[in-house]
Every structure is written in structure tokens, then in C-alpha cells.
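Trainee:
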Amino acid sequence: MTQHDMCRQNNGGRLSRSNTGSIRVVSTTLTIILAFTSSMMVATTAFHSTPQISCANNNALRASLQTPTPETQITPPSPSTTNRVPLSHHDGQATTPTMIQSAGSASSHVLSIDDMNPIFKFNKNGKEKVLNATGLYHLFIIVITMPFWLVSMGVLQWLGDNIEGFDENRAKFDYSGKVWCRTYLKWTDCYPEIAGDVARLQTSTQTTQTTTTIEDNNDGACLFVANHASFLDIAVLCCVLDPVFKFIAKDELKKLPGVGKQLVGGEHVLIDRTTKRSQLRTFKQAITYLQNGVPIMAFPEGARSPDGRLMPFKGGIFSMAVKAKVPIVPLSLANTHAVMPSAGFVPVQSGRGKLRVFVHDEISVEGKSEEEIVREVREALLSELPLDQHPLEEEEEELGS
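Per numbering that gives the first Met the number 0, the sequence shown starts with residue 0, numbered consecutively.
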């Protein structure tokens, strides 16, 4: 071997060691960033004072609420006088009200496949899915933020398992998911606008917890129900419901990364609709939560609507509220089906000016039949949904009138 060859080999060795050192520096830096961000997320969640929502008709409690300032006050629209509704973000800070399409509008934000400008098309479970530039950006945000969420859930779960009284009802564990959902939706320009009885979601933030009997404790519980038009609904609801609550969700969702760990670790109510035993267990678990003052969030349609239109309700959901003697609070979710349609692998367009949540007044179940409850809930949901989310026969009647 010549001297030139020996020098080149030595230089190559030094280059290899240099590359190895650079890789170690980069990996160490990324590890430190991941650890620091996750620890901050854990700290924010661990020391966050999770409020308990009060859905009971309590005049004294309502009177104790702070009067909203003119900048943050939200007035439900009058359909006869306006077609656009002033709204503000529900993130604890006052924001400049924006204008968003109100319920009853005949226009639609739904895009055709061609209008989505898909970059990739593929089949998933026999259904065509598309991925466009907006979707690629969503995937990028998910990839860079989900590790922090997973780490924070792991730490909070360990603390909850090993420190008695640290995380009652897994409220802190669940709040880590809400932090991730809100971060993800803000970074992707999909944070929803909230209207209606927003004060209901902000009550009891300074209420101290006391030891009560189950009969007294369930005064703070309620059954939240919403229309289900998109997989995005879950993240949107996590932006709205601050207090601890439990989803009723399909059992197969526990296989999804992030979402599955949140549902299982947070001890949410998972249902396998193929077995009656699972449905009975779900019913009993939900009743227990309600009787202990923990609100339940359910989708009465039982599945996602393929076109965003409100579908018939499944039986059994409202009987939980009747059994536990708690009110029902409907939540109308508008245009999630347009932002993330069934054909979208992830969202296909921005949610700004489209995504909207309306918090309705509570519906008492006392002395009412299930048919009456179903009718009241359905009327409430439809009253704040755009026409393209109404059942076809109802949309035709409203357009004709």
C-alpha cells in the first residue's frame, strides 16, 4: 500500500469518527429537547387545576359567575336578524371576535375530490383516501408533536399509579391529551370557534372539592352529546370541554397511536358493539361515572356520518341520563365533515372560519319519555348546524319554506 493510500484511509477514518460525533451531538440534542418539552408538558398538566363542570340548574352558582366583558361576551344569534355570528376562541384568553357562517346557511364548505388537489390517492379498508398539501402539513405537525404527548402520558400514568390521590379520575392524564389537541389544531389553523352557553364550560373553576355522597356528588354531572361527522370531532371537543369528562368510544380506537393510549390510560368507556355483554358493561361504567360527578361525552348516532348529515340516534344513550338523573347538554359541531371528510386521510383544508361548536342549554330528563328526549336533543343539534348537515328530507323542507 502506497503512502498516498494510507493517508487517504486515515482521512477516511477521521471523517467517519467526525460523522459519528456529529450524529451523537444531534441525537443528544434531540433527546434533551424531547425530555425538556415533555417535562414541561407534564408539569403544566400535573399542576393544572382541573375544574369540575356544573350542569345542574343552580341559580346561586350561575349568579356567582363573573359577568363576561364586552370583548369576550358571546350572544347566540337570532336567525331572523342575522346570518353571521360573532364568536371568540375558548382558550382562556380574550380574542378579537371573528365572523363565521351561522346555522341554517345554504352554502357549503365541502370540497370535491378535484378541489382537494390530492397529491396521493390510495385505498384504506376498501375506501378511497386522499392526501393533499394541507394533509402533508398536518402529518408533519402530528409527527413532531406526538412524541411529547406520548412521553407526558407515560410519566403521568406512572405518577397516577404510584402516588395515591395524585390523579383522581385520571383528570391530569386526560388533560395532557387536551394540551396536545389544542396545540395541534392551533398549529394547523383548525382551532374551532365556540358559541352559545360558553359560561357553562367555565363554571366552578374556583370551586373547592369536598367529600360528598354519591347522591350529592352527581349534581355536577351531565351527559354531553354531539353530532358525529368526522374523526376530527374528538380533537375539537377536547378544545371545548375543560373539566374532566369521559368519552364513550368504540373499542377499536384503542389501537390508534396516541388516541388509544389516551382512551385506555384515561379509563374512558370503551364499547364493543358486537357483544351485548360489552354494551351492558359500558352502560354500568357510564352510570357509575355520572353518579360520581364525572360528565360523559357520547355520540348518539353511534357512528360517524359518511356525509356529515345528522343520522338517526341509537337507543340506550339517553337512558343513562335518565338512570343517573342528570341533564343532557347538546353540542352542535359544524363543518368538521368539510375540513376532514371521510375521503380525507387527515384534514384537507383549513378550519378557520369553518369549524364551530355551539353549546346548548341543558335539557332536563325528569318526567320525559325517551321519544321526547330524542326529539328535544335532535331539534337542538339541528338548530345550530348548516343545512348541508341536515337530513336530506329536512333540508328540502327548510329550503322550500
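By construction, the Cβ of each residue, glycine as well, lies at the ideal position given by its N, Cα and C atoms.
(1) At a threshold of 7 Å, does K283 count as lining the ligand SAM (C-beta to nearest heavy atom)?
(2) Could you name the residues that DSSP lists as bridge partners for P191?
(3) Flag this pair as yes or no: are the beta carbons of S331 and N226 separated by less than 8 Å?
(4) Which class does M296 belong to by DSSP, given the choice of helix, strand or coil?
(5) Check this for me: beta carbons of F312 and V358, under 8 Å apart or not?
(6) With a CB to CB cut of under 7 Å and the five nearest residues on each side skipped, what residues in its chain are close to I112?
(7) If you draw a straight line from the alpha carbon of K440 to that of V364, how long is it in whole angstroms?
(8) Quick one: give me the first and last residue of the beta strand (DSSP E) that P329 is part of.
(9) Between the alpha carbons of Q388 and I233, how many angstroms are there, rounded?
(10) Which of the three DSSP states, helix, strand or coil, is assigned to I270?
(11) Where does G176 land, buried or exposed, given buried means 16+ other C-beta within 10 angstroms?
(12) Taking 8 Å as the cut-off, decide whether the C-beta atoms of G153 and V345 are in contact.
(13) Please state whether the Cβ-Cβ distance between H336 and G307 is less than 8 Å.
(14) If contact is defined by three or more beta carbon pairs under 8 Å, each pair taking one atom from either stretch, is the region 190-199 in contact with the region 269-276?
(15) For the putative contact between M296 and K245, defined by C-beta atoms under 8 Å, what is the C-beta separation to the nearest angstrom?
(16) Does the beta-carbon distance from N131 to V347 come in below 8 Å?
(17) When you compare each of E383, L231, K171 to W148 by their alpha carbons, which one comes out closest?
(18) Comparing C-alpha positions only, which one of E392, M115, K353 sits nearest to L231?
(19) Between which two residues does the beta strand (DSSP E) carrying F317 extend?
(20) Rounded to whole angstroms, what is the Cα-Cα separation between V235 and C180?
(21) Just confirm the distance between the C-beta atoms of P385 and A302, as a whole number of angstroms; I'd bet it's less than 8 Å.
(22) Alpha carbon to alpha carbon, how far is P96 from C237?
(23) If we ignore side chains and look at the alpha-carbon of each, how far apart do P117 and L110 end up?
(24) Since I believe K254 is in contact with V263 (beta carbons under 8 Å), could you give me their beta-carbon distance rounded to a whole number of angstroms?
(25) Could you check what DSSP says for L384 in three-state terms: helix, strand or coil?
(26) Between M145, F119, E370, K120, which has its C-alpha nearest P256's C-alpha?
(27) Apart from the five residues on each side of it in sequence, which residues of its chain come closer than 7 Å, Cβ to Cβ, to L138?
(28) Looking at the unbroken beta strand (DSSP E) that takes in N122, where does it start and where does it end?
(29) Does the beta-carbon of Q298 have 16 or more other beta-carbons within 10 angstroms, so that it is buried, or is it exposed?
(30) Which residues bound the alpha helix (DSSP H) around F172?
(31) DSSP on I143, reduced to helix/strand/coil?
(32) Let's test the definition: count the other Cβ atoms within 10 Å of the Cβ of D114 and tell me whether it reaches 16, buried, or not, exposed.
(33) Which of the three DSSP states is assigned to V364 in this structure?
(34) Can you tell which of V258, N122, S106, E378 has its C-alpha closest to the C-alpha of P329?
(35) Return the residue from the list K126, V178, R280, K120 that minimises the CA-CA distance to P305.
Mentor: The structure says:
(1) Summarising the ligand content, the structure contains no ligands, and the ligand SAM is consequently not present.
(2) Under DSSP, P191 shares a beta bridge with no residue.
(3) Yes, these two residues count as a Cβ contact at 8 Å.
(4) In this structure, M296 counts as strand in the three-state DSSP scheme.
(5) No, the Cβ-Cβ distance between F312 and V358 is not below 8 Å.
(6) Excluding the 5 residues flanking it on each side, I112 has same chain C-beta neighbours closer than 7 Å at V129, A342, in chain order.
(7) For residue 440 there is no data in the structure shown, the boundaries of the chain being 0 and 400.
(8) Segment 327-333, the beta strand (DSSP E) holding P329.
(9) Cα to Cα, the separation comes out at about 18 Å.
(10) DSSP places I270 in strand when its eight states are reduced to three.
(11) With 16 or more Cβ atoms within 10 Å of its Cβ, G176 is classed as buried.
(12) No, the Cβ-Cβ distance between G153 and V345 is not below 8 Å.
(13) Their beta carbons are under 8 Å apart, which means H336 touches G307 by this criterion.
(14) Verdict: no, contact absent.
(15) In this structure M296 touches K245 by the C-beta definition: roughly 7 Å separates them, less than 8 Å.
(16) Contact flag set, yes.
(17) The option with the nearest alpha carbon to W148 is K171.
(18) Comparing Cα-Cα distances from L231 to each of E392, M115, K353, the minimum goes to K353.
(19) Careful: F317 lies outside any beta strand (DSSP E), inside the alpha helix (DSSP H) at 316-323.
(20) Distance from the CA atom of V235 to the CA atom of C180, rounded to whole angstroms, is 8 Å.
(21) 21 Å between Cβ atoms; not a contact.
(22) Below a pLDDT of 50, predicted positions are generally treated as unreliable, and P96, at 40, falls in that range; the measurement from the model is reported next regardless. P96 and C237 have their C-alpha atoms some 21 Å from each other.
(23) Between P117 and L110, the alpha-carbon positions lie close to 11 Å from each other.
(24) Rounded, the Cβ-Cβ distance is 10 Å, inconsistent with contact.
(25) DSSP, read as helix, strand or coil, puts L384 in coil.
(26) Between P256 and the set M145, F119, E370, K120, the nearest pair of CA atoms involves M145.
(27) The answer, listed in chain order, is V345.
(28) 119-123 is the extent of the beta strand (DSSP E) around N122.
(29) Before going further, note that residue 298 is Phe rather than Gln in the sequence given. With 16 or more Cβ atoms within 10 Å of its Cβ, F298 is classed as buried.
(30) First-last of the alpha helix (DSSP H) with F172: 170-186.
(31) DSSP places I143 in helix when its eight states are reduced to three.
(32) With fewer than 16 Cβ atoms within 10 Å of its Cβ, D114 is classed as exposed.
(33) If DSSP states are grouped into helix, strand and coil, V364 belongs with coil.
(34) Ranking V258, N122, S106, E378 by Cα distance to P329 puts E378 first.
(35) Nearest C-alpha to P305: K126.
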